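Protein chains in written order, with the working numbering: chain R, 71 to 264; chain X, 71 to 264; chain W, 71 to 264; chain E, 71 to 264; chain H, 71 to 264; chain Y, 71 to 264. Yeah, the Cβ is synthetic: ideal placement off N, Cα and C, and Gly gets one too. In this text, all values refer to a predicted model and were calculated from it rather than measured experimentally. Working notes, structure below.
There are 6 protein chains.
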Amino acid sequence: MRRNDTLLDLFLELQILDRVPRSGYVLRGVHDPESVTEHSWHVLFLVWALGTRIEGIDLSRAVEIALVHDLSELRIGDLPQVASHYFPEGSKKLAELATMHDLLAPLPERALDLYREYQQGTTPEARLVKACDKLQLIVKVSVYESWGTGALSEFWENPNNFIDGGFTEVRELFEALRRRKAKRTDRPLDDHRR
Amino acid sequence: MRRNDTLLDLFLELQILDRVPRSGYVLRGVHDPESVTEHSWHVLFLVWALGTRIEGIDLSRAVEIALVHDLSELRIGDLPQVASHYFPEGSKKLAELATMHDLLAPLPERALDLYREYQQGTTPEARLVKACDKLQLIVKVSVYESWGTGALSEFWENPNNFIDGGFTEVRELFEALRRRKAKRTDRPLDDHRR
Amino acid sequence: MRRNDTLLDLFLELQILDRVPRSGYVLRGVHDPESVTEHSWHVLFLVWALGTRIEGIDLSRAVEIALVHDLSELRIGDLPQVASHYFPEGSKKLAELATMHDLLAPLPERALDLYREYQQGTTPEARLVKACDKLQLIVKVSVYESWGTGALSEFWENPNNFIDGGFTEVRELFEALRRRKAKRTDRPLDDHRR
Amino acid sequence: MRRNDTLLDLFLELQILDRVPRSGYVLRGVHDPESVTEHSWHVLFLVWALGTRIEGIDLSRAVEIALVHDLSELRIGDLPQVASHYFPEGSKKLAELATMHDLLAPLPERALDLYREYQQGTTPEARLVKACDKLQLIVKVSVYESWGTGALSEFWENPNNFIDGGFTEVRELFEALRRRKAKRTDRPLDDHRR
Amino acid sequence: MRRNDTLLDLFLELQILDRVPRSGYVLRGVHDPESVTEHSWHVLFLVWALGTRIEGIDLSRAVEIALVHDLSELRIGDLPQVASHYFPEGSKKLAELATMHDLLAPLPERALDLYREYQQGTTPEARLVKACDKLQLIVKVSVYESWGTGALSEFWENPNNFIDGGFTEVRELFEALRRRKAKRTDRPLDDHRR
Amino acid sequence: MRRNDTLLDLFLELQILDRVPRSGYVLRGVHDPESVTEHSWHVLFLVWALGTRIEGIDLSRAVEIALVHDLSELRIGDLPQVASHYFPEGSKKLAELATMHDLLAPLPERALDLYREYQQGTTPEARLVKACDKLQLIVKVSVYESWGTGALSEFWENPNNFIDGGFTEVRELFEALRRRKAKRTDRPLDDHRR
């Protein structure tokens with residue numbers, strides 16, 4: 071299971087991404103937590119819904135970057151955030167790129183380029199995907215908290231989870247989520263819709 | 071919970087799609103089956119990976135159709151296939167469109183148009199999404215069978231699950247999957263990778 | 071899988087009802103939620119325990135109505151409450167009856183009559199089953215809330231969930247549950263037994 | 071949590087029966103196995119559907135016996151079959167009856183009498199419930215095997231699981247299930263419906 | 071499945087201990103609760119980490135007692151605490167010892183002696199294991215509560231769950247856990263780390 | 071969450087190890103797979119049961135090495151085997167040791183020394199733990215296969231999973247497991263006990 075030989079091998083292997091849970095939720099006792107596939111779909115939807123409202127975004131490419139942005143977790147797992155303190159600097163990025171190289175072998179080189187663009191994070195499209203990656207986290211945390219999960223306050227306190235890429239549209243959504251959170255804490259057993 | 075008022079309401083509600091399992095698997099004892107979100111991501115990936123290889127496909131729009139194609143299941147659930155024999159003809163399609171109207175209210179009208187295009191299924195892009203919707207089913211069934219699930223043979227016998235939309239690229243993948251299935255039946259405890 | 075040919079086919083198919091979860095709980099993040107089978111058992115128990123205390127109830131027939139009241143969900147699923155706004159009026163009732171017709175084919179016609187009686191809801195026995203169907207919902211919601219589930223307040227606010235069929239015995243239990251709920255909200259981490 | 075004080079206490083406690091899995095399945099790796107509530111519902115349905123076909127059965131009382139037959143597992147759990155070799159003879163029966171005494175305290179004495187009738191197992195109604203208790207086991211095992219579970223052959227080999235209470239109707243169903251099992255073993259990945 | 075014939079039979083059977091959940095959690099709605107295997111590992115770790123700090127403890131033997139202390143649950147299940155009121159006095163202890171006799175047959179007699187020492191509970195090593203058995207319960211309850219589980223207050227109120235075996239090191243940890251619990255109740259949605 | 075300040079912080083954090091599933095099983099569709107805690111308990115039991123039979127083993131220290139051997143996975147997760155091809159050589163070992171340093175801070179230095187001994191793998195005790203780490207894998211795979219899991223053949227084909235550390239006792243168990251596997255493949259639906 072190194073380089074995928076055919077497109078079909080890739081399609082079959084990708085199904086396994088549904089079994090890679092987002093580790094941050096697993097380690098905080100969230101039941102039946104989001105898979106990396108589910109996270110990826112929601113990030114893509116956010117990019118698509120917000121990208122049309124932002125001038126100068128190539129929406130089609132932004133969507134493609136979102137599509138590939140987390141695929142390496144299929145082979146190296148979703149490392150907990152704290153793990154980054156223990157691995158040598160840069161080793162995770164190298165591992166991700168090497169994984170993508172083998173994984174996406176049956177696709178045109180352009181697919182890997184989209185991933186490199188994401189890692190570098192300098193184009194507006196890559197920045198938007200990175201911002202939506204965080205926005206989706208806070209959206210999901212809000213839903214889990216409204217469902218009764220108790221130990222997610224660390225997510226709200228870590229400023230790295232609120233990187234908006236400089237996009238007003240994203241920042242405003244973060245602020246709206248913070249306002250709803252403040253209300254929810256007052257009325258802890260209430261639904262997020264109210 | 072009728073018409074979504076804001077984009078944020080929509081984003082929050084969409085997270086729930088992760089809790090809508092694909093009913094065909096649930097009713098056949100597949101453990102921890104694919105959610106509609108996961109199915110949607112895989113269909114989108116197939117459309118993206120195959121669409122570049124097919125002349126005359128507007129890849130960007132095909133991806134957008136894939137993105138919205140199953141969202142109504144958030145509110146009406148994923149009805150089992152057999153249910154279609156019991157509901158009055160056309161009632162499900164009406165329910166799906168009415169749901170999408172309320173659900174996607176905060177998005178531009180174009181989003182609903184993409185869904186209508188999918189329902190009508192006449193453009194090449196809509197046909198490709200419909201073909202990939204079936205292709206993803208057979209890909210997943212193959213993976214579940216390799217993992218030990220036993221009661222999925224009905225899927226292989228139903229010709230409706232092999233609609234290729236007239237695309238050679240899809241038909242060849244169906245054929246490759248059938249060949250692997252034939253080998254697997256001979257060696258039932260074997261991995262799909264071999 | 072249309073009309074069941076034999077009793078054994080019916081018995082085998084009914085086992086699958088255990089895999090149909092109650093959608094209202096699934097969509098609100100309840101973990102490992104009640105199956106339709108479990109709901110049905112509890113409704114039947116309520117009917118049996120309360121029916122003896124109510125004059126003029128044919129207990130034996132009431133129990134039989136409870137036994138069949140939700141079986142159609144085996145084939146058409148447990149539609150979320152919101153779905154009823156999207157399907158054409160009456161289409162769900164038609165689908166349920168058509169399903170029961172195929173499902174219960176190996177049983178005497180009387181079984182289908184019991185279901186028709188439930189749908190019409192005019193006899194005291196059918197009214198009692200309908201009231202216990204709601205009572206069981208609020209009983210279960212109370213237990214889930216005491217276990218830490220957070221997003222169930224909608225159930226308490228919907229008057230349709232408190233239909234008591236005109237039976238004092240049921241109304242008093244609804245009131246007792248509301249009183250316990252009021253205490254629980256004050257002491258949110260407490261057990262429902264206290 | 072000894073004697074239930076009120077009917078409502080009983081109704082609330084009974085919801086927990088959904089969290090008591092049938093231990094025989096748990097210990098053989100069946101995923102998401104039947105709860106005692108689900109087992110109880112199916113036994114009751116079998117008694118109801120078969121009882122009308124058997125002369126001399128008081129169907130209404132047979133159904134009531136089925137309703138209460140496994141409730142003690144709420145407090146003492148579903149002991150694995152092998153456990154009966156280790157507990158002193160008769161101690162489990164005593165524990166069951168003592169449990170039922172506390173559990174059913176808010177119900178009329180008749181409820182406990184139904185349970186005593188079940189334990190003694192001498193009336194035709196009690197014998198029918200005991201036979202259907204076993205029949206349901208083999209029906210469920212058949213479904214689990216068709217879904218891919220592998221380690222259930224012990225159930226087929228234990229003659230205690232085929233006690234038919236002297237009822238032809240039950241014996242014939244056991245025989246039909248054995249015939250389907252024999253076919254399934256030849257074609258191990260096949261659906262039980264074929 | 072009575073006396074294990076070989077070490078390998080024992081090793082295979084022990085894997086099943088992972089499927090025996092701790093009943094106290096199951097019956098209070100804890101999702102994906104600790105298995106008896108997991109409980110056993112944590113008790114052993116506590117014994118090891120605390121035992122070095124306590125004069126006069128034979129650490130090596132204390133660890134061995136912890137290793138075997140709950141193995142009988144493999145065959146007789148983890149009986150709910152309330153069950154002990156219903157079984158005849160002493161019958162559970164007899165069942166446990168008889169189970170261990172069959173289970174550990176391929177090991178030297180010394181293994182069974184370690185279990186007898188645990189049951190008698192008179193040596194300092196046995197007392198330490200019993201104290202850590204309770205300490206682990208309260209540690210785990212604390213974690214589950216921080217994750218949002220609501221119905222665990224009974225554990226805090228039962229003095230039997232705070233038996234410290236006379237060891238200051240254990241008593242101080244119980245007190246520290248009570249202090250954190252008091253803070254958590256004030257701020258119910260907070261993480262246990264703060 | 072870097073260096074644990076107190077023993078209690080360590081004990082609380084260790085509970086989370088129950089939520090770290092063994093990734094090799096997750097990615098091959100095993101349902102409810104073994105946690106790292108469960109794996110660790112079984113390895114420890116194997117070391118204890120086999121260590122007494124091997125001359126020259128310091129059993130007490132071997133057990134302690136087994137106790138700590140996988141704890142770093144609490145913070146860096148259980149990386150899939152394939153991940154080791156993508157991370158720079160040695161980076162995982164460094165990450166593991168750095169994690170243990172922070173994690174075990176409240177314990178005497180000796181705890182970290184036990185882990186270093188495991189990583190180096192040169193003492194007989196460390197070699198025995200490493201051999202039992204593999205032996206437990208094949209024992210568990212055997213159980214999962216007997217339960218119906220289908221895609222585990224890769225484990226049998228990878229010679230790295232059969233490292234016996236030079237211990238005859240371990241090698242003979244590997245051979246016995248291979249013989250049972252060969253029988254199971256002939257009779258795929260059979261129980262591992264036969």
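Discussion item. Within 10 Å of its beta-carbon, does H:Arg249 have 16 or more other beta-carbons around it, so buried, or fewer, so exposed?
Written reply: Of the residues assessed, H:Arg249 falls on the exposed side of the cut-off, its CB having fewer than 16 other CB atoms within 10 angstroms.
Worksheet item: Sorted by chain position, which residues of the same chain lie with C-beta nearer than 8 Å to R:Val96's C-beta, five sequence neighbours on each side aside?
Response: Counting only Cβ-Cβ distances below 8 Å, and skipping sequence neighbours, we find Pro103.
Discussion item. Under DSSP, the alpha helix (DSSP H) around E:Val133 begins and ends at which residues?
Written reply: DSSP places E:Val133 in the uninterrupted alpha helix (DSSP H) bounded by Leu129 to Val138.
Worksheet item: In whole angstroms, what is the alpha-carbon distance linking E:Ala153 and E:Ala136?
Response: For E:Ala153 and E:Ala136, the gap between their C-alpha atoms comes out near 23 Å.
Discussion item. So that I know if they touch, is there some Cβ in chain Y lying closer than 9 Å to that of R:Lys162?
Written reply: For R:Lys162, the answer is yes, since a Cβ of chain Y falls inside 9 Å of its Cβ.
Worksheet item: What is the DSSP secondary structure of X:Ser105, counted as helix, strand or coil?
Response: Strand.
Worksheet item: Would you say W:Arg89 faces chain E, with C-beta separation under 9 Å as the test?
Response: Closer than 9 Å: yes.
Fill in: Proximity test, Cβ basis, 9 Å: E:Arg249 and chain Y
False, the Cβ-Cβ gap to chain Y never drops below 9 Å.
Practice prompt. Compare the Cα-Cα distances from X:Leu247 to each of R:Arg73, R:Asn74 and R:Asp79 and report the closest residue.
Written response: It is R:Asp79.
Practice prompt. Return no unless some Cβ of chain Y is closer than 9 Å to the Cβ of X:Pro258.
Written response: No answer about X:Pro258 holds up, because its pLDDT of 44 lies below 50 and its placement is not dependable.
Discussion item. Taking the alpha carbon of H:Leu177 as the reference point, which residue from Y:Lys200, Y:Leu120 and Y:Asp148 has its own alpha carbon closest?
Written reply: Measuring from the Cα of H:Leu177, the nearest candidate turns out to be Y:Leu120.
Worksheet item: What residues in the region 95 to 109 of chain E bring their beta carbon closer than 9 Å to a beta carbon of chain Y?
Response: Within the region 95 to 109 of chain E, the residues whose Cβ lies closer than 9 Å to some Cβ of chain Y are Arg98, Gly99, Val100, His101 and Asp102, listed in chain order.
Discussion item. Suppose the cutoff is 6 Å on Cβ atoms and the five residues either side in sequence are ignored; what does the same chain contact list for H:Arg72 look like?
Written reply: Same-chain partners within the cutoff: Asp172.
Discussion item. Under DSSP, the alpha helix (DSSP H) around Y:Glu227 begins and ends at which residues?
Written reply: Segment Ser223 to Glu227, the alpha helix (DSSP H) holding Y:Glu227.
Worksheet item: Between which two residues does the alpha helix (DSSP H) carrying R:Phe237 extend?
Response: Boundaries for R:Phe237: no alpha helix (DSSP H) harbours it, and the DSSP string shows neither H nor E there.
Item to complete: Using alpha carbons as the reference points, say which of Y:Gln85, Y:Lys163 and Y:Leu144 lies closest to H:Val113.
Response: Considering only alpha carbons, the answer is Y:Gln85.
Fill in: Residue-chain proximity (X:Ala221, chain E), Cβ-Cβ < 9 Å
So yes, X:Ala221 belongs to the interface.
Worksheet item: Is X:Asn230 near the ligand PLP, in the sense that its beta carbon is under 8 Å from a heavy atom of that ligand?
Response: As for the ligand PLP, it is missing from this structure, which has no ligand bound.
Worksheet entry | Helix, strand or coil at Y:Pro91 according to DSSP, with G and I counted as helix | Reduced to three states, the DSSP call for Y:Pro91 is strand.
Worksheet item: Taking DSSP as the reference, what is the three-state secondary structure of X:Asn231?
Response: X:Asn231: helix per DSSP, three-state reduction.
Worksheet item: If you measure from the beta carbon of H:His112 to each beta carbon in chain Y, is any gap under 9 Å?
Response: Closer than 9 Å to some Cβ of chain Y, the Cβ of H:His112 qualifies, so yes.
Worksheet item: Would X:Asn74 be called buried (16 or more neighbouring beta carbons within 10 Å of its own) or exposed?
Response: Taking all protein chains shown into account, X:Asn74 has 16 or more neighbouring C-beta atoms within 10 Å of its C-beta and is therefore buried.
Worksheet item: In chain Y, what lies closer than 8 Å to H:Trp118 by C-beta?
Response: Contact note: H:Trp118 reaches chain Y through Glu134 and Leu137, using a C-beta cutoff of 8 Å and chain order.
Worksheet item: In or out: Y:Gly147 buried (at least 16 other Cβ within 10 Å) or exposed?
Response: Here Y:Gly147 is buried. Its C-beta has 16 or more other C-beta atoms within 10 Å.
Worksheet item: In chain order, which alpha helix (DSSP H) runs of at least 4 residues are fully inside the region 126 to 209 of chain H?
Response: Within the region 126 to 209 of chain H, the complete alpha helix (DSSP H) runs of at least 4 residues are 129 to 138, 143 to 146, 161 to 173 and 179 to 190.
Practice prompt. Since I believe H:Asn231 is in contact with H:Phe225 (beta carbons under 8 Å), could you give me their beta-carbon distance rounded to a whole number of angstroms?
Written response: About 6 Å; that satisfies the 8 Å criterion.
Worksheet item: Quick one: which chain Y residues come within Cβ less than 7 Å of H:Lys210?
Response: Neighbours of H:Lys210 on chain Y, chain order: Gln85.
Practice prompt. Sort H:Leu174, H:Lys163 and H:Leu149 by Cα distance to H:Glu83 and report the nearest one.
Written response: The shortest C-alpha separation from H:Glu83 is found at H:Leu174.
Worksheet entry | Neighbouring residues, chain R, relative to H:Trp226 (Cβ below 7 Å) | Result: empty, since nearest Cβ-Cβ is about 16 Å, beyond 7 Å.
Worksheet item: What does X:Ser130 reach in chain Y if we use C-beta pairs closer than 8 Å?
Response: What X:Ser130 touches in chain Y: nothing, since even the nearest Cβ is about 32 Å away.
Worksheet entry | Residue from E:Lys200, E:Leu243, E:Val240 and E:Thr255 whose Cα sits closest to the Cα of E:Ala221 | Minimum Cα distance to E:Ala221 is reached at E:Thr255.
Item to complete: Step through the CB atoms of chain H and report whether any lies within less than 9 Å of the CB of W:Tyr156.
Response: The beta carbon of W:Tyr156 does not come within 9 Å of any beta carbon belonging to chain H, so the residue lies off that interface.
Item to complete: Return the residue from the list H:Asp88, H:Leu77, H:Arg89 and H:Ser130 that minimises the CA-CA distance to H:Ala196.
Response: Out of H:Asp88, H:Leu77, H:Arg89 and H:Ser130, H:Ser130 has the C-alpha closest to the C-alpha of H:Ala196.
Worksheet item: Can you list the residues of chain H that E:Arg168 reaches, using a CB-CB cut of under 8 Å?
Response: A small fix is needed here, since residue 168 of chain E is Ala in this sequence, not Arg. Going along chain H in sequence order, the residues near E:Ala168 (Cβ under 8 Å) are His155 and Tyr156.
Worksheet item: Taking just the CA atoms, how far does W:Leu87 sit from W:Trp118?
Response: Each residue's CA atom was taken as its position, placing W:Trp118 and W:Leu87 some 22 Å apart.
Worksheet entry | CB contact check: H:Ala196 to chain E, cutoff 9 Å | For H:Ala196, the answer is no, since every Cβ of chain E falls outside 9 Å of its Cβ.
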